[in-house]
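I have placed the structure first, in the form of structure tokens, so that the comments after it can refer back to it.
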Amino acid sequence: MFKLVMLLLMFHSSLAANVSQDIFILAGQSNMAGRGGVEHGKWDGKVPPECRPNPSTLRLSAKLTWEEAHEPLHADIDVGKTCGIGPGMAFVDGLRANDSRIGVVGLVPCAVGGTKISKWARGTQRYSQLVSRAGASVKDGGTIRAILWYQGESDTVTKEDADAYKGNMETLITNLRTDLNIPSLPVIQVALASGEGPYVEIVRNAQLGINLPNVLCVDAEGLPLEPDRVHLTTPAQVQLGQALTDAFLQSLPGPIHIANNSCRRFSNPCFHFLIGPLLRFVFVHCTFYVDFFPLKYNLQLQ
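Structure follows, in structure tokens:
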């Protein structure tokens, strides 16, 4: 009977770990999609330690299924282009380095290279896809913790686009929070390290000047660029990911509250209907074994 108790409680814990996760939306254009290690249309395949797979780091695929995350994160999202290293995996690595108890983390790649901010306005294909993928990511549980946004290089080509950037970005943030029904959702944007045109500083000033609640800005200026002088190198992407981690942790109102896989409540009708009564019987009739049970679990029996 003691072994039965152990098996039931381990089963309960594993179910809880699988359904609960902290979710981050990765959106913007090519530097968020990742071009680290890409030169002449080919990715060198080099994955730094901070970006290596972890069984507890998942990505939402283009088919809306969760799978173990691996570089390039955006390979099936930013299609038609060569993707390499981006900041997403290094961001999660930074979270784990900050708190070893962090459990399952889900990344939702949405970035597409070469897109102006006007291509992300409400009603566009990019906007609708982002909202749809975000909704799919929490269908079976989990919590969207933040949107990580790196975009704007394409808005540096004309002064008209650059001048309109601040208003467009503020509208985008407001609309996303409304349509995702998360009014205080943190948005961590990246101030440009480069651009496709001469108006980089106008867009950077717009990004640094946004004054909305729960909007932070990480400045990428000065990070090393690939030979194309637009895209961040792999080491730069790792550094950016770690800076995004720091910004996210600063956005929290107190100590880190990222969910972890230890002793969490799990509410599932199948669990209560099938396993709950059996656990009640065990706990009522086998209190001697329970008193000496070495592990602690937070059970919610109804």
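So the sequence shown is numbered by UniProt numbering: it starts at 1 and just counts up by one.
Built from N, CA and C at the ideal position, the CB exists for glycine as well.
Computed from a predicted structure; not experimentally measured.
Nearest candidate by alpha-carbon position, reference residue i, set the options
| i | options | result |
| --- | --- | --- |
| residue 127 | 48, 47 and 179 | 179 |
| residue 49 | 252, 251 and 234 | 234 |
| residue 181 | 158, 143 and 170 | 143 |
| residue 150 | 198, 96, 134 and 230 | 230 |
| residue 52 | 65, 92 and 161 | 92 |
| residue 85 | 209, 170 and 33 | 33 |
| residue 122 | 135, 171, 211 and 224 | 171 |
| residue 197 | 174, 155, 87 and 166 | 155 |
| residue 29 | 43, 113 and 41 | 113 |
| residue 111 | 82, 45, 185 and 94 | 82 |
| residue 87 | 209, 24 and 185 | 24 |
| residue 200 | 162, 31 and 135 | 162 |
| residue 240 | 148, 62 and 40 | 148 |
| residue 62 | 44, 133, 232 and 46 | 133 |
| residue 185 | 136, 146 and 80 | 146 |
Residue range of the alpha helix (DSSP H) that includes residue i
| i | result |
| --- | --- |
| residue 244 | 234-251 |
| residue 68 | That residue, residue 68, is in no alpha helix (DSSP H); its beta strand (DSSP E) goes 66-68. |
| residue 27 | From DSSP, residue 27 is part of no alpha helix (DSSP H) but of the beta strand (DSSP E) over 22-28. |
Bounding residues of the beta strand (DSSP E) (the contiguous stretch that carries residue i)
| i | result |
| --- | --- |
| residue 191 | 187-191 |
| residue 62 | Premise fails: residue 62 is in no beta strand (DSSP E) and is neither H nor E. |
Residue i to residue j span [Cα, whole Å]
| i | j | result |
| --- | --- | --- |
| residue 205 | residue 164 | 12 Å |
| residue 152 | residue 212 | 18 Å |
| residue 38 | residue 160 | 31 Å |
| residue 194 | residue 54 | 31 Å |
| residue 183 | residue 177 | 5 Å |
| residue 169 | residue 237 | 23 Å |
| residue 157 | residue 166 | 15 Å |
| residue 103 | residue 42 | 34 Å |
| residue 190 | residue 225 | 15 Å |
| residue 72 | residue 90 | 12 Å |
| residue 310 | residue 35 | With the chain covering only 1 through 302, there is no way to say anything about residue 310. |
| residue 129 | residue 120 | 10 Å |
| residue 174 | residue 27 | 15 Å |
| residue 21 | residue 96 | 13 Å |
| residue 125 | residue 242 | 30 Å |
| residue 116 | residue 192 | 13 Å |
| residue 78 | residue 70 | 15 Å |
| residue 46 | residue 99 | 26 Å |
| residue 232 | residue 31 | 7 Å |
| residue 222 | residue 228 | 15 Å |
| residue 135 | residue 187 | 17 Å |
| residue 101 | residue 214 | 25 Å |
| residue 131 | residue 208 | 25 Å |
| residue 203 | residue 74 | 25 Å |
| residue 80 | residue 44 | 17 Å |
| residue 40 | residue 76 | 20 Å |
| residue 118 | residue 210 | 17 Å |
| residue 256 | residue 94 | Residue placement at residue 256 is flagged as unreliable, the pLDDT there being 40, under the threshold of 50; the coordinate-derived value follows with that caveat. When rounded, the distance between both Cα atoms is 13 Å. |
is_contact[residue i, chain C] using C-beta, thresh 8 Å
| i | result |
| --- | --- |
| residue 50 | Absent from the structure is chain C; it holds one protein chain and no more. |
Uninterrupted alpha helix (DSSP H) stretches inside the segment 77-153 (no shorter than 4 residues)
88-98 and 125-137
Does the pairing of the segment 241-249 with the segment 215-225 give three or more beta-carbon distances under 8 Å?
yes
When you compare the segment 52-64 with the segment 99-112, are there three or more beta-carbon pairs, one atom per stretch, that lie closer than 8 Å?
yes
Please determine if the segment 59-73 and the segment 123-141 are in contact, where contact requires at least 3 C-beta pairs separated by less than 8 Å.
yes
Every unbroken alpha helix (DSSP H) inside the segment 158-227 [4 residues or more]:
159-179 and 200-209
Tell me the start and end of each unbroken alpha helix (DSSP H) in the segment 35-59 that is at least 4 residues and wholly inside, in chain order.
none
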